[in-house]
Amino acid sequence: MKEFSFKTRQKNIETLKTKKLDVFIIGGGITGAGVARDASRRGLSVGLIDMSDFSSGTSSRSSKLVHGGLRYLENLEFGLVFEALSERAKLFKMAPHLVHPLRFLLPLYRGQRVGMFKMGLGMWLYDILSLFDTPEMHKRHSSKSAIEAVKSLKANGLAGAYEYSDAYMDDDRLVHETLRSANESGAASASYIKAIGATYHDCGKIKSVKCKDLVSNEEFFVEANSFVSCVGPWTDELGSEVVNSWKSRMRPSKGIHLTFKKERFPLKKAVVMPADNDKRIIFAIPRHEMVIVGTTDTDYQGDLSEVTSLEEDVQYVLNIISDYFPTVEIKKEDIVASYAGVRPLVKDGAASESSTSRDHVIWSELKNLTFVAGGKYTTYRNMAEEAVDHMLETWPIEKRLELSSPNTEEPLNPNATDRVFKEQEQLIAELLPKTLLSQNQVQFLIERHGREAVEIIKLENSNDKVGEGLLWRLEARWAQKTTMCFSVRDFYLRRTPLFLSETDHGLRFLEAIVEEFSAALGWTPGQQQAEVASFKKHRDAELGWKS
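Written out as C-alpha coordinates, the structure reads:
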(Lines of atoms letter the chains of each structure in order from A and count residues from 1; the text may use other names and numbers.)
(Lines give C-alpha, C1' and ligand atoms only; values in the text may rest on other atoms or scores of the structure.)
Protein backbone atom coordinates (compact mmCIF):
# COMPACT_ATOMS: atom_id res chain seq x y z
CA MET A 1 0.00 0.00 0.00
CA LYS A 2 1.06 3.62 -0.56
CA GLU A 3 2.97 5.60 2.05
CA PHE A 4 0.72 7.58 4.40
CA SER A 5 3.18 9.62 6.45
CA PHE A 6 4.15 13.15 7.47
CA LYS A 7 5.60 13.55 3.95
CA THR A 8 2.24 12.49 2.54
CA ARG A 9 0.62 15.13 4.72
CA GLN A 10 2.73 17.88 3.16
CA LYS A 11 1.86 16.70 -0.37
CA ASN A 12 -1.81 16.46 0.54
CA ILE A 13 -1.88 20.00 1.91
CA GLU A 14 -0.57 21.24 -1.42
CA THR A 15 -3.39 19.35 -3.14
CA LEU A 16 -5.95 20.90 -0.79
CA LYS A 17 -4.58 24.37 -1.48
CA THR A 18 -4.34 24.14 -5.26
CA LYS A 19 -7.04 21.75 -6.53
CA LYS A 20 -10.80 22.26 -6.55
CA LEU A 21 -12.19 19.04 -5.09
CA ASP A 22 -15.40 17.17 -5.68
CA VAL A 23 -15.88 16.74 -1.94
CA PHE A 24 -14.13 18.14 1.14
CA ILE A 25 -14.64 16.32 4.46
CA ILE A 26 -14.17 17.94 7.86
CA GLY A 27 -13.47 15.37 10.57
CA GLY A 28 -11.07 12.43 10.57
CA GLY A 29 -12.82 10.01 12.87
CA ILE A 30 -14.47 6.81 11.72
CA THR A 31 -17.35 8.60 9.96
CA GLY A 32 -15.10 10.97 8.01
CA ALA A 33 -12.73 8.12 7.16
CA GLY A 34 -15.65 6.04 5.91
CA VAL A 35 -16.98 8.90 3.77
CA ALA A 36 -13.49 9.50 2.32
CA ARG A 37 -13.11 5.82 1.40
CA ASP A 38 -16.59 5.60 -0.08
CA ALA A 39 -16.32 8.82 -2.12
CA SER A 40 -12.80 8.17 -3.39
CA ARG A 41 -13.68 4.61 -4.46
CA ARG A 42 -16.52 6.05 -6.54
CA GLY A 43 -13.95 8.12 -8.42
CA LEU A 44 -14.53 11.46 -6.72
CA SER A 45 -11.63 13.77 -5.86
CA VAL A 46 -11.61 13.90 -2.06
CA GLY A 47 -9.95 15.97 0.63
CA LEU A 48 -10.19 15.42 4.40
CA ILE A 49 -8.89 17.27 7.46
CA ASP A 50 -8.97 16.79 11.21
CA MET A 51 -8.08 19.46 13.73
CA SER A 52 -6.08 16.92 15.75
CA ASP A 53 -4.80 13.40 15.19
CA PHE A 54 -7.03 11.09 13.20
CA SER A 55 -9.42 9.25 15.53
CA SER A 56 -8.49 11.48 18.47
CA GLY A 57 -12.10 12.24 19.42
CA THR A 58 -14.95 9.82 19.97
CA SER A 59 -13.55 7.24 17.56
CA SER A 60 -10.73 6.14 19.87
CA ARG A 61 -12.76 6.33 23.09
CA SER A 62 -15.51 3.83 22.47
CA SER A 63 -16.17 0.53 24.22
CA LYS A 64 -14.21 -0.95 21.29
CA LEU A 65 -17.09 -3.27 20.41
CA VAL A 66 -18.60 -4.26 17.08
CA HIS A 67 -22.13 -5.25 18.07
CA GLY A 68 -25.77 -5.07 17.13
CA GLY A 69 -26.86 -3.36 20.32
CA LEU A 70 -28.94 -5.92 22.16
CA ARG A 71 -30.47 -3.30 24.47
CA TYR A 72 -31.91 -1.33 21.54
CA LEU A 73 -34.43 -4.13 21.00
CA GLU A 74 -36.35 -2.96 24.07
CA ASN A 75 -36.66 0.51 22.45
CA LEU A 76 -38.07 -1.26 19.36
CA GLU A 77 -35.15 0.00 17.23
CA PHE A 78 -35.22 -3.15 15.12
CA GLY A 79 -33.94 -1.37 12.02
CA LEU A 80 -30.86 -0.11 13.86
CA VAL A 81 -30.10 -3.56 15.28
CA PHE A 82 -30.61 -5.27 11.91
CA GLU A 83 -28.31 -2.73 10.21
CA ALA A 84 -25.64 -3.15 12.90
CA LEU A 85 -25.70 -6.95 12.77
CA SER A 86 -25.47 -6.86 8.98
CA GLU A 87 -22.49 -4.51 9.17
CA ARG A 88 -20.89 -6.66 11.87
CA ALA A 89 -20.83 -9.58 9.43
CA LYS A 90 -19.20 -7.39 6.79
CA LEU A 91 -16.54 -6.07 9.19
CA PHE A 92 -15.46 -9.61 10.10
CA LYS A 93 -14.47 -10.01 6.44
CA MET A 94 -13.26 -6.45 5.84
CA ALA A 95 -10.88 -6.27 8.79
CA PRO A 96 -10.15 -9.66 10.44
CA HIS A 97 -7.00 -8.20 12.06
CA LEU A 98 -9.08 -5.50 13.79
CA VAL A 99 -12.46 -7.14 14.49
CA HIS A 100 -12.50 -10.33 16.57
CA PRO A 101 -15.46 -12.57 17.58
CA LEU A 102 -16.17 -12.72 21.31
CA ARG A 103 -18.73 -14.52 23.45
CA PHE A 104 -20.80 -12.40 25.86
CA LEU A 105 -22.48 -13.64 29.03
CA LEU A 106 -25.59 -11.76 30.24
CA PRO A 107 -26.45 -12.84 33.81
CA LEU A 108 -30.00 -12.25 35.07
CA TYR A 109 -30.84 -11.92 38.75
CA ARG A 110 -34.15 -12.33 40.54
CA GLY A 111 -35.91 -8.99 40.91
CA GLN A 112 -34.45 -7.44 37.77
CA ARG A 113 -36.87 -5.78 35.36
CA VAL A 114 -36.18 -8.28 32.56
CA GLY A 115 -36.48 -11.95 33.37
CA MET A 116 -35.24 -15.13 31.68
CA PHE A 117 -38.32 -15.63 29.47
CA LYS A 118 -38.40 -12.11 28.06
CA MET A 119 -34.63 -12.07 27.56
CA GLY A 120 -34.85 -15.42 25.80
CA LEU A 121 -37.25 -13.92 23.28
CA GLY A 122 -34.80 -11.05 22.79
CA MET A 123 -31.96 -13.49 22.18
CA TRP A 124 -33.91 -15.33 19.49
CA LEU A 125 -34.80 -11.99 17.89
CA TYR A 126 -31.12 -10.96 17.98
CA ASP A 127 -30.09 -14.12 16.12
CA ILE A 128 -33.00 -13.75 13.66
CA LEU A 129 -32.08 -10.11 12.90
CA SER A 130 -28.53 -11.28 12.14
CA LEU A 131 -30.13 -13.68 9.62
CA PHE A 132 -28.30 -16.33 11.65
CA ASP A 133 -25.02 -15.01 10.21
CA THR A 134 -23.33 -15.04 13.60
CA PRO A 135 -20.11 -16.67 14.86
CA GLU A 136 -22.23 -18.83 17.18
CA MET A 137 -25.90 -18.98 18.17
CA HIS A 138 -27.06 -17.85 21.60
CA LYS A 139 -27.12 -20.30 24.51
CA ARG A 140 -29.20 -20.44 27.70
CA HIS A 141 -27.43 -21.08 31.02
CA SER A 142 -28.80 -22.26 34.32
CA SER A 143 -27.44 -20.46 37.36
CA LYS A 144 -25.01 -23.34 37.89
CA SER A 145 -23.66 -23.40 34.34
CA ALA A 146 -23.41 -19.59 34.32
CA ILE A 147 -21.09 -19.75 37.32
CA GLU A 148 -19.09 -22.48 35.61
CA ALA A 149 -18.73 -20.21 32.57
CA VAL A 150 -17.58 -17.19 34.65
CA LYS A 151 -16.45 -18.49 38.02
CA SER A 152 -16.08 -15.11 39.73
CA LEU A 153 -19.66 -14.03 38.96
CA LYS A 154 -21.96 -13.30 41.90
CA ALA A 155 -24.05 -16.40 42.65
CA ASN A 156 -26.51 -14.89 45.13
CA GLY A 157 -29.89 -14.35 43.45
CA LEU A 158 -28.69 -15.54 40.03
CA ALA A 159 -31.65 -16.87 38.02
CA GLY A 160 -29.61 -17.89 34.99
CA ALA A 161 -27.85 -16.30 32.04
CA TYR A 162 -27.67 -16.08 28.28
CA GLU A 163 -24.56 -16.32 26.18
CA TYR A 164 -24.35 -14.80 22.71
CA SER A 165 -21.85 -13.61 20.09
CA ASP A 166 -20.60 -10.14 19.19
CA ALA A 167 -17.08 -8.78 18.66
CA TYR A 168 -14.36 -6.51 19.99
CA MET A 169 -12.18 -4.29 17.84
CA ASP A 170 -9.27 -1.84 17.71
CA ASP A 171 -11.32 1.30 17.10
CA ASP A 172 -8.49 3.78 16.45
CA ARG A 173 -6.65 1.44 14.09
CA LEU A 174 -9.89 0.82 12.17
CA VAL A 175 -9.92 4.56 11.42
CA HIS A 176 -6.29 4.50 10.26
CA GLU A 177 -6.81 1.48 8.02
CA THR A 178 -9.92 3.07 6.51
CA LEU A 179 -7.96 6.25 5.78
CA ARG A 180 -5.09 4.22 4.31
CA SER A 181 -7.59 2.55 1.98
CA ALA A 182 -8.97 5.98 1.02
CA ASN A 183 -5.39 7.12 0.42
CA GLU A 184 -4.95 4.21 -2.01
CA SER A 185 -7.93 5.58 -3.95
CA GLY A 186 -6.47 9.09 -4.10
CA ALA A 187 -8.05 10.86 -1.11
CA ALA A 188 -5.88 13.71 0.21
CA SER A 189 -6.08 13.59 4.01
CA ALA A 190 -4.21 15.75 6.53
CA SER A 191 -4.27 15.83 10.33
CA TYR A 192 -3.82 18.88 12.56
CA ILE A 193 -5.69 21.14 10.13
CA LYS A 194 -8.57 23.15 11.59
CA ALA A 195 -11.54 24.61 9.72
CA ILE A 196 -11.85 28.23 10.89
CA GLY A 197 -14.34 29.79 8.47
CA ALA A 198 -15.87 29.71 5.01
CA THR A 199 -16.52 31.79 1.90
CA TYR A 200 -19.80 31.68 -0.01
CA HIS A 201 -21.17 31.96 -3.54
CA ASP A 202 -23.78 34.64 -4.22
CA CYS A 203 -26.45 31.94 -4.08
CA GLY A 204 -25.47 31.14 -0.50
CA LYS A 205 -23.69 27.85 -1.18
CA ILE A 206 -20.25 27.36 0.37
CA LYS A 207 -17.43 28.16 -2.04
CA SER A 208 -14.45 27.29 0.17
CA VAL A 209 -13.49 26.45 3.73
CA LYS A 210 -10.78 28.47 5.43
CA CYS A 211 -8.25 26.19 7.14
CA LYS A 212 -5.35 26.63 9.52
CA ASP A 213 -2.37 24.27 9.61
CA LEU A 214 -1.78 23.86 13.35
CA VAL A 215 1.79 22.67 12.70
CA SER A 216 3.00 25.57 10.53
CA ASN A 217 0.27 28.13 11.46
CA GLU A 218 -0.30 28.73 7.74
CA GLU A 219 -3.85 29.61 6.67
CA PHE A 220 -5.34 28.60 3.31
CA PHE A 221 -8.65 27.95 1.54
CA VAL A 222 -9.99 24.66 0.20
CA GLU A 223 -12.46 24.85 -2.67
CA ALA A 224 -14.90 22.04 -3.42
CA ASN A 225 -18.24 21.34 -5.05
CA SER A 226 -19.60 19.68 -1.90
CA PHE A 227 -18.65 19.70 1.77
CA VAL A 228 -19.34 17.07 4.45
CA SER A 229 -19.20 17.59 8.22
CA CYS A 230 -18.22 14.46 10.16
CA VAL A 231 -17.12 16.14 13.39
CA GLY A 232 -19.36 14.20 15.79
CA PRO A 233 -19.84 16.05 19.10
CA TRP A 234 -18.39 19.20 17.52
CA THR A 235 -21.29 19.42 15.03
CA ASP A 236 -22.96 22.38 16.77
CA GLU A 237 -19.62 24.16 17.07
CA LEU A 238 -18.83 23.83 13.36
CA GLY A 239 -22.42 24.48 12.31
CA SER A 240 -22.58 27.78 14.18
CA GLU A 241 -19.33 28.81 12.45
CA VAL A 242 -20.56 28.33 8.89
CA VAL A 243 -24.39 28.48 8.99
CA ASN A 244 -25.99 31.75 10.11
CA SER A 245 -29.33 30.22 11.05
CA TRP A 246 -27.84 27.25 12.88
CA LYS A 247 -29.96 25.60 15.57
CA SER A 248 -28.44 23.27 18.15
CA ARG A 249 -28.82 19.60 17.17
CA MET A 250 -26.57 17.67 19.52
CA ARG A 251 -26.88 16.05 22.95
CA PRO A 252 -23.27 15.12 23.88
CA SER A 253 -23.05 12.20 26.29
CA LYS A 254 -19.93 11.38 28.27
CA GLY A 255 -18.71 7.83 28.75
CA ILE A 256 -15.67 6.54 30.62
CA HIS A 257 -13.88 3.19 30.68
CA LEU A 258 -11.42 1.57 33.07
CA THR A 259 -8.73 -0.94 32.12
CA PHE A 260 -7.24 -3.79 34.15
CA LYS A 261 -4.55 -6.42 33.77
CA LYS A 262 -6.06 -9.73 32.74
CA GLU A 263 -4.20 -11.43 35.59
CA ARG A 264 -6.03 -9.22 38.12
CA PHE A 265 -9.47 -9.49 36.53
CA PRO A 266 -9.47 -12.84 34.68
CA LEU A 267 -12.35 -13.23 32.25
CA LYS A 268 -12.63 -15.62 29.31
CA LYS A 269 -15.93 -14.16 28.14
CA ALA A 270 -17.27 -10.62 28.14
CA VAL A 271 -19.89 -9.99 30.80
CA VAL A 272 -22.90 -7.73 30.30
CA MET A 273 -23.88 -5.96 33.52
CA PRO A 274 -27.28 -4.19 33.57
CA ALA A 275 -27.17 -1.26 36.01
CA ASP A 276 -29.49 1.43 37.35
CA ASN A 277 -32.51 -0.88 37.28
CA ASP A 278 -31.44 -2.23 33.87
CA LYS A 279 -31.53 1.15 32.09
CA ARG A 280 -27.78 1.26 31.58
CA ILE A 281 -25.40 -1.43 30.39
CA ILE A 282 -21.81 -1.84 31.59
CA PHE A 283 -19.53 -4.29 29.78
CA ALA A 284 -16.50 -6.14 31.13
CA ILE A 285 -14.55 -7.04 27.98
CA PRO A 286 -11.47 -9.29 27.87
CA ARG A 287 -9.15 -8.44 24.99
CA HIS A 288 -5.75 -9.67 23.85
CA GLU A 289 -3.93 -7.14 26.10
CA MET A 290 -6.29 -6.16 28.91
CA VAL A 291 -9.82 -6.09 30.30
CA ILE A 292 -11.90 -2.98 29.58
CA VAL A 293 -14.92 -2.09 31.75
CA GLY A 294 -17.42 0.60 30.78
CA THR A 295 -19.24 2.72 29.90
CA THR A 296 -21.02 5.44 31.81
CA ASP A 297 -23.64 7.57 30.06
CA THR A 298 -24.16 11.13 31.33
CA ASP A 299 -25.01 14.44 29.65
CA TYR A 300 -21.88 16.52 29.07
CA GLN A 301 -21.69 20.31 28.78
CA GLY A 302 -17.95 20.91 29.18
CA ASP A 303 -15.09 21.49 26.76
CA LEU A 304 -15.29 18.65 24.23
CA SER A 305 -11.49 18.60 23.89
CA GLU A 306 -10.87 18.33 27.62
CA VAL A 307 -13.12 15.46 28.68
CA THR A 308 -11.55 13.24 31.35
CA SER A 309 -12.55 10.55 33.83
CA LEU A 310 -13.57 11.98 37.19
CA GLU A 311 -13.52 10.42 40.66
CA GLU A 312 -17.30 9.91 40.66
CA ASP A 313 -17.20 8.25 37.24
CA VAL A 314 -14.50 5.84 38.35
CA GLN A 315 -16.28 5.01 41.59
CA TYR A 316 -19.54 4.33 39.74
CA VAL A 317 -17.88 1.72 37.52
CA LEU A 318 -16.03 0.18 40.50
CA ASN A 319 -19.35 -0.17 42.35
CA ILE A 320 -20.85 -2.07 39.39
CA ILE A 321 -17.83 -4.40 39.26
CA SER A 322 -18.06 -4.98 43.01
CA ASP A 323 -21.75 -5.82 42.72
CA TYR A 324 -21.28 -8.42 39.96
CA PHE A 325 -17.85 -9.76 41.02
CA PRO A 326 -17.72 -9.45 44.84
CA THR A 327 -15.10 -12.15 45.36
CA VAL A 328 -12.59 -10.54 42.97
CA GLU A 329 -12.38 -7.52 45.29
CA ILE A 330 -11.31 -5.05 42.63
CA LYS A 331 -10.03 -1.80 44.12
CA LYS A 332 -9.11 1.61 42.79
CA GLU A 333 -5.40 0.76 42.90
CA ASP A 334 -6.02 -2.21 40.56
CA ILE A 335 -7.01 0.13 37.72
CA VAL A 336 -4.29 0.41 35.10
CA ALA A 337 -5.76 3.35 33.17
CA SER A 338 -8.94 5.11 32.17
CA TYR A 339 -10.19 6.94 29.13
CA ALA A 340 -13.14 9.25 28.54
CA GLY A 341 -15.02 10.29 25.43
CA VAL A 342 -18.14 12.07 24.25
CA ARG A 343 -20.79 10.38 22.12
CA PRO A 344 -22.29 12.48 19.32
CA LEU A 345 -25.95 11.82 20.16
CA VAL A 346 -28.58 13.79 18.26
CA LYS A 347 -31.42 15.36 20.26
CA ASP A 348 -34.62 13.37 19.89
CA GLY A 349 -36.61 14.48 22.93
CA ALA A 350 -35.69 11.40 24.99
CA ALA A 351 -35.93 11.78 28.75
CA SER A 352 -32.42 10.45 29.44
CA GLU A 353 -29.04 10.02 27.80
CA SER A 354 -29.35 6.24 27.83
CA SER A 355 -32.71 6.27 26.02
CA THR A 356 -31.54 8.72 23.30
CA SER A 357 -31.37 6.92 19.97
CA ARG A 358 -27.98 5.82 18.63
CA ASP A 359 -29.25 6.00 15.05
CA HIS A 360 -27.50 8.41 12.69
CA VAL A 361 -28.97 11.51 11.11
CA ILE A 362 -27.94 13.01 7.75
CA TRP A 363 -29.14 16.41 6.56
CA SER A 364 -28.07 19.33 4.36
CA GLU A 365 -27.50 23.02 4.95
CA LEU A 366 -26.72 25.69 2.32
CA LYS A 367 -27.47 23.08 -0.41
CA ASN A 368 -23.87 21.80 -0.67
CA LEU A 369 -23.03 21.18 3.01
CA THR A 370 -23.96 17.74 4.33
CA PHE A 371 -23.93 16.94 8.06
CA VAL A 372 -23.59 13.42 9.47
CA ALA A 373 -24.15 12.95 13.21
CA GLY A 374 -25.02 10.23 15.69
CA GLY A 375 -24.82 6.60 14.70
CA LYS A 376 -23.06 3.50 15.96
CA TYR A 377 -19.42 2.73 15.27
CA THR A 378 -20.45 -0.65 13.90
CA THR A 379 -22.52 0.91 11.12
CA TYR A 380 -19.91 3.41 9.90
CA ARG A 381 -19.53 1.86 6.43
CA ASN A 382 -23.24 1.98 5.66
CA MET A 383 -23.57 5.41 7.25
CA ALA A 384 -20.80 6.73 4.99
CA GLU A 385 -22.50 5.26 1.91
CA GLU A 386 -25.78 6.95 2.83
CA ALA A 387 -23.96 10.25 3.45
CA VAL A 388 -22.33 10.22 0.01
CA ASP A 389 -25.64 9.26 -1.63
CA HIS A 390 -27.31 12.16 0.19
CA MET A 391 -24.57 14.57 -0.86
CA LEU A 392 -24.96 13.52 -4.49
CA GLU A 393 -28.70 14.24 -4.55
CA THR A 394 -27.97 17.82 -5.65
CA TRP A 395 -25.60 16.68 -8.43
CA PRO A 396 -26.70 16.21 -12.09
CA ILE A 397 -28.51 12.92 -12.61
CA GLU A 398 -26.03 11.62 -15.17
CA LYS A 399 -23.14 12.18 -12.73
CA ARG A 400 -25.04 10.46 -9.92
CA LEU A 401 -25.60 7.38 -12.05
CA GLU A 402 -21.86 7.18 -12.79
CA LEU A 403 -21.06 7.32 -9.06
CA SER A 404 -23.66 4.93 -7.67
CA SER A 405 -21.41 1.99 -6.73
CA PRO A 406 -18.85 2.57 -3.94
CA ASN A 407 -17.76 -1.09 -3.50
CA THR A 408 -16.65 -0.62 0.11
CA GLU A 409 -17.22 -4.18 1.36
CA GLU A 410 -13.80 -5.32 0.15
CA PRO A 411 -11.05 -5.81 2.79
CA LEU A 412 -9.53 -2.59 4.08
CA ASN A 413 -6.05 -4.02 3.74
CA PRO A 414 -5.24 -6.72 1.16
CA ASN A 415 -2.35 -7.83 3.38
CA ALA A 416 -4.72 -8.61 6.26
CA THR A 417 -7.42 -10.99 5.08
CA ASP A 418 -8.81 -14.30 6.34
CA ARG A 419 -6.60 -16.11 3.86
CA VAL A 420 -3.47 -14.44 5.25
CA PHE A 421 -4.31 -15.44 8.81
CA LYS A 422 -4.88 -19.05 7.82
CA GLU A 423 -1.20 -19.07 6.80
CA GLN A 424 -0.02 -17.55 10.08
CA GLU A 425 2.16 -20.46 11.23
CA GLN A 426 3.89 -20.59 7.86
CA LEU A 427 4.49 -16.84 7.98
CA ILE A 428 5.99 -17.07 11.48
CA ALA A 429 8.41 -19.76 10.31
CA GLU A 430 9.34 -17.62 7.31
CA LEU A 431 10.05 -14.49 9.38
CA LEU A 432 11.81 -15.85 12.48
CA PRO A 433 15.23 -16.36 10.81
CA LYS A 434 15.10 -12.78 9.49
CA THR A 435 14.53 -10.89 12.73
CA LEU A 436 15.83 -10.22 16.24
CA LEU A 437 12.27 -10.49 17.56
CA SER A 438 11.05 -13.53 19.51
CA GLN A 439 8.42 -15.91 18.17
CA ASN A 440 5.74 -14.33 20.39
CA GLN A 441 6.65 -10.88 19.11
CA VAL A 442 6.52 -12.00 15.48
CA GLN A 443 3.12 -13.55 16.14
CA PHE A 444 2.00 -10.28 17.77
CA LEU A 445 2.99 -8.32 14.64
CA ILE A 446 1.22 -10.76 12.33
CA GLU A 447 -1.97 -10.65 14.39
CA ARG A 448 -1.93 -6.85 14.27
CA HIS A 449 -0.75 -6.28 10.71
CA GLY A 450 -1.14 -9.48 8.73
CA ARG A 451 1.42 -9.96 5.96
CA GLU A 452 2.64 -6.39 6.45
CA ALA A 453 4.65 -7.88 9.32
CA VAL A 454 7.14 -8.77 6.57
CA GLU A 455 7.59 -5.07 5.75
CA ILE A 456 7.77 -4.09 9.42
CA ILE A 457 10.59 -6.56 10.08
CA LYS A 458 12.46 -5.14 7.10
CA LEU A 459 12.62 -1.86 9.07
CA GLU A 460 15.12 -3.43 11.48
CA ASN A 461 18.62 -1.95 11.15
CA SER A 462 22.16 -2.81 12.24
CA ASN A 463 21.90 -0.73 15.42
CA ASP A 464 18.89 -2.65 16.75
CA LYS A 465 19.30 -4.94 19.74
CA VAL A 466 17.34 -7.90 21.04
CA GLY A 467 14.82 -6.85 23.67
CA GLU A 468 11.27 -5.83 24.39
CA GLY A 469 11.94 -2.25 23.27
CA LEU A 470 12.71 -3.34 19.69
CA LEU A 471 9.10 -4.33 19.08
CA TRP A 472 7.89 -0.82 19.91
CA ARG A 473 10.68 0.81 17.92
CA LEU A 474 9.45 -1.13 14.89
CA GLU A 475 5.85 -0.20 15.62
CA ALA A 476 6.93 3.47 15.82
CA ARG A 477 8.71 3.27 12.47
CA TRP A 478 5.67 1.66 10.89
CA ALA A 479 3.22 4.15 12.44
CA GLN A 480 5.25 7.04 11.02
CA LYS A 481 5.21 5.49 7.56
CA THR A 482 1.61 4.29 7.34
CA THR A 483 -0.64 6.24 9.75
CA MET A 484 0.61 9.85 9.44
CA CYS A 485 1.85 9.66 13.03
CA PHE A 486 4.34 12.37 13.98
CA SER A 487 3.71 12.71 17.73
CA VAL A 488 4.81 10.58 20.67
CA ARG A 489 1.52 11.20 22.44
CA ASP A 490 -0.49 10.08 19.41
CA PHE A 491 1.65 6.95 19.10
CA TYR A 492 1.03 5.97 22.72
CA LEU A 493 -2.68 6.74 22.67
CA ARG A 494 -3.83 5.66 19.19
CA ARG A 495 -1.23 3.40 17.56
CA THR A 496 -0.49 0.93 20.36
CA PRO A 497 -2.18 -0.41 23.52
CA LEU A 498 0.73 0.80 25.71
CA PHE A 499 -1.03 3.59 27.61
CA LEU A 500 -4.10 1.53 28.46
CA SER A 501 -2.58 -1.90 29.05
CA GLU A 502 0.80 -1.36 30.77
CA THR A 503 1.00 -0.55 34.47
CA ASP A 504 3.69 2.06 33.74
CA HIS A 505 1.75 3.18 30.63
CA GLY A 506 4.74 2.21 28.52
CA LEU A 507 7.05 4.81 30.08
CA ARG A 508 9.94 2.34 30.10
CA PHE A 509 9.95 2.59 26.29
CA LEU A 510 9.58 6.35 26.14
CA GLU A 511 13.24 7.16 25.51
CA ALA A 512 13.47 4.64 22.67
CA ILE A 513 10.26 5.87 21.05
CA VAL A 514 11.31 9.52 21.29
CA GLU A 515 14.59 8.53 19.60
CA GLU A 516 12.66 6.94 16.72
CA PHE A 517 10.49 9.99 16.10
CA SER A 518 13.39 12.38 16.52
CA ALA A 519 15.51 10.48 13.99
CA ALA A 520 12.69 10.51 11.43
CA LEU A 521 11.55 14.09 11.94
CA GLY A 522 14.76 15.85 12.93
CA TRP A 523 13.59 17.10 16.32
CA THR A 524 15.73 19.41 18.41
CA PRO A 525 16.28 18.58 22.10
CA GLY A 526 13.62 21.19 22.90
CA GLN A 527 11.10 19.50 20.61
CA GLN A 528 11.86 16.14 22.18
CA GLN A 529 11.20 17.57 25.65
CA ALA A 530 7.96 19.15 24.44
CA GLU A 531 6.77 15.79 23.06
CA VAL A 532 7.45 14.03 26.34
CA ALA A 533 5.73 16.82 28.27
CA SER A 534 2.66 16.60 26.01
CA PHE A 535 2.28 12.87 26.61
CA LYS A 536 2.75 13.19 30.37
CA LYS A 537 0.29 16.08 30.51
CA HIS A 538 -2.37 13.87 28.94
CA ARG A 539 -1.54 11.05 31.34
CA ASP A 540 -1.79 13.33 34.37
CA ALA A 541 -5.07 14.90 33.19
CA GLU A 542 -6.76 11.58 32.37
CA LEU A 543 -5.53 9.82 35.51
CA GLY A 544 -6.03 12.77 37.86
CA TRP A 545 -8.55 10.72 39.86
CA LYS A 546 -5.63 8.50 40.99
CA SER A 547 -4.09 11.25 43.12
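When we follow this note's numbering, the leftmost residue of the sequence shown carries the number 596, and every step to the right adds one.
Don't be surprised by glycine CBs; every beta carbon is placed ideally from N, CA and C.
For asparagine 977, the enclosing alpha helix (DSSP H) starts and ends at 975–987. For the 8 angstroms CB-CB criterion, aspartate 808 and serine 848 do not form a contact.
Under the three-pair Cβ rule at 8 angstroms, the stretch 811–826 counts as touching the stretch 959–967. In the three-state reduction of the DSSP assignment, tyrosine 895 falls in the coil class, being assigned neither a helical nor a strand state.
Of the residues Gly792, Arg666 and Glu598, the one whose Cα lies closest to the Cα of arginine 953 is Arg666.
Between the alpha carbons of glutamine 1124 and glutamate 1110 lies a distance of about 11 angstroms. Scanning its chain for C-beta atoms nearer than 7 angstroms, with the 5 sequence neighbours on each side dropped, one finds around threonine 903 the residues Ala935, Ala1136, Glu1137 and Gly1139, in chain order. A direct Cα-to-Cα measurement between valine 630 and arginine 775 gives close to 13 angstroms.
The straight-line gap separating the alpha-carbon atoms of lysine 789 and phenylalanine 712 is approximately 52 angstroms. Only residues of its own chain outside the window of five on either side were considered, and among them Leu1026 have a CB closer than 7 angstroms to the CB of valine 1049, listed in chain order. Distance from the CA atom of glycine 717 to the CA atom of glutamate 779, rounded to whole angstroms, is 42 angstroms. Fewer than three pairs of CB atoms, one per stretch, sit closer than 8 angstroms, so the stretch 660–676 makes no contact with the stretch 781–797. Beta-bridge partners of histidine 736 (DSSP): Ala756.
Residue state for glutamate 598 is assigned as coil, using DSSP reduced to three classes. Within its own chain, the residues whose Cβ lies closer than 6 angstroms to the Cβ of alanine 1011, once the five positions on either side in sequence are excluded, are His692 and Gly1045, listed in chain order. The Cβ atoms of threonine 973 and aspartate 633 do not sit closer than 8 angstroms to each other. Around the beta carbon of valine 1061, a 10 Å sphere encloses fewer than 16 other beta carbons of the protein chains shown; the residue is thus reported as exposed.
Of the residues assessed, serine 1142 falls on the exposed side of the cut-off, its CB having fewer than 16 other CB atoms within 10 angstroms. In the three-state reduction of the DSSP assignment, serine 933 falls in the strand class, which pools E and B.
Taking the Cα positions, leucine 643 is about 13 angstroms away from glutamine 605.
Checking the DSSP bridge columns, you'll see leucine 700 partnered with Glu758 and Val866. Sequence-distant partners of leucine 1007 (beyond 5 residues in either direction) whose C-beta falls short of 7 angstroms from its own C-beta, in its chain, are Met689, Ala690, Glu772, Thr773 and Ser776. In the structure shown, isoleucine 876 falls within a strand segment according to DSSP collapsed to helix, strand and coil.
Taking each of Met714, Phe878, Ala870 and Val618 in turn and checking the Cα distance to lysine 864, the smallest one comes out for Phe878.
A contact between stretches requires three or more CB pairs, one per stretch, nearer than 8 angstroms, and the stretch 913–933 meets this requirement with the stretch 745–756.
In this structure, the beta-carbon distance from tyrosine 757 to glycine 715 falls below 8 angstroms. According to DSSP, cysteine 806 shares a beta bridge with Ala790 and Phe815. Of the residues Ala762, Asp722, His1133 and Phe699, the one whose Cα lies closest to the Cα of histidine 736 is Phe699. Valine 1061: not part of any alpha helix (DSSP H); DSSP gives it neither H nor E. Closest option to valine 618, judged by alpha-carbon separation, among Thr603, Val641 and Lys597: Val641. Val694 is the residue among Leu769, Glu598 and Val694 whose C-alpha sits nearest the C-alpha of alanine 762. With three or more CB-CB distances shorter than 8 angstroms, the stretch 673–688 counts as touching the stretch 722–730.
Around the C-beta of glutamine 1075, 16 or more other C-beta atoms lie within 10 Å, and the residue is accordingly described as buried. Residue state for aspartate 617 is assigned as strand, using DSSP reduced to three classes.
In the structure shown, the three-state DSSP call for methionine 764 is strand. For threonine 965, the uninterrupted beta strand (DSSP E) run begins and ends at 964–969, by DSSP.
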